[in-house]
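Numbering (this note's numbering), first residue to last: 8 to 140.
Quick notes on the structure that follows.
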Amino acid sequence: MPDDAGRCRPAPVRDTRGVDDSEPRPIEILVFRVDPADVERFVAIDDDVWTVGLRTGGGLVAKEIWLDDDRPGEVTVLIWWASAAAWSAAADTSELDRLTAEFDRRFGRPYELVRAVHEERPGLHRIHRSAPG
């Protein structure tokens with residue numbers, strides 16, 4: 008149902024992890040370019056460094072990595088935050104710098120952040136999620 012500003016607001020949905028889903032869920036979408044031969048290594052180290060680091064800070068609801076067979080070497084990372092405040096708290100520059108340095112040290116190969124879709128489309132957010140069962 009649209010609110011007074013014409014934005015759709017979700018009906019409350021029970022999240023299987025107990026996260027209140029009654030507000031729009033902020034999403035961060037990052038697209039990286041990596042040598043196709045390094046994708047598996049990139050994903051594994053991303054999980055070890057970034058997923059663990061973001062989970063430690065709190066506010067991380069879920070993180071997914073998508074690949075496009077039509078674009079070898081393109082890695083899309085989707086990160087769902089519990090709230091805008093949680094996302095903002097996770098943006099502590101010193102912690103992001105530490106995680107970036109750790110990732111770069113462990114990966115040791117070139118990669119490029121080519122898009123931050125959430126910056127291009129700041130109003131993009133999830134309003135509904137259906138799960139089987």
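Heads up, the beta-carbon is just placed ideally off N, CA and C, and yes, glycines get one too.
Alpha-carbon spacing of residue i relative to residue j, whole angstroms
{"i": "E119", "j": "H135", "result": "31 Å"}
{"i": "D99", "j": "G65", "result": "12 Å"}
{"i": "D104", "j": "A97", "result": "12 Å"}
{"i": "L85", "j": "V121", "result": "14 Å"}
{"i": "V50", "j": "I72", "result": "8 Å"}
{"i": "F39", "j": "P139", "result": "31 Å"}
{"i": "E35", "j": "D45", "result": "23 Å"}
Where residue i falls, given that 16 or more other Cβ within 10 Å makes a residue buried
{"i": "V41", "result": "buried"}
{"i": "W94", "result": "buried"}
{"i": "D53", "result": "buried"}
{"i": "V56", "result": "buried"}
{"i": "R32", "result": "buried"}
{"i": "L37", "result": "buried"}
For residue i: DSSP bridge partner residues
{"i": "H132", "result": "P33"}
{"i": "I86", "result": "E35, K70"}
{"i": "A123", "result": "L37"}
{"i": "E81", "result": "R40"}
Neighbourhood of residue i by C-beta distance below 8 Å, restricted to the same chain and skipping five residues each side
{"i": "R7", "result": "It is not possible to answer for residue 7, since the shown part of the chain is limited to 8 through 140."}
Any C-beta of chain B under 8 Å from that of residue i
{"i": "A108", "result": "Protein chains in the displayed structure number just one, and chain B is not present."}
Contacting residues, own chain, Cβ-Cβ under 7 Å from residue i (five flanking each side not counted)
{"i": "L106", "result": "V56, W57, G60"}
CB contact flag (residue i, residue j, <8 Å)
{"i": "V68", "j": "A89", "result": "yes"}
{"i": "P6", "j": "P43", "result": "No statement about residue 6 is possible, as the shown extent of the chain runs from 8 to 140 and does not include it."}
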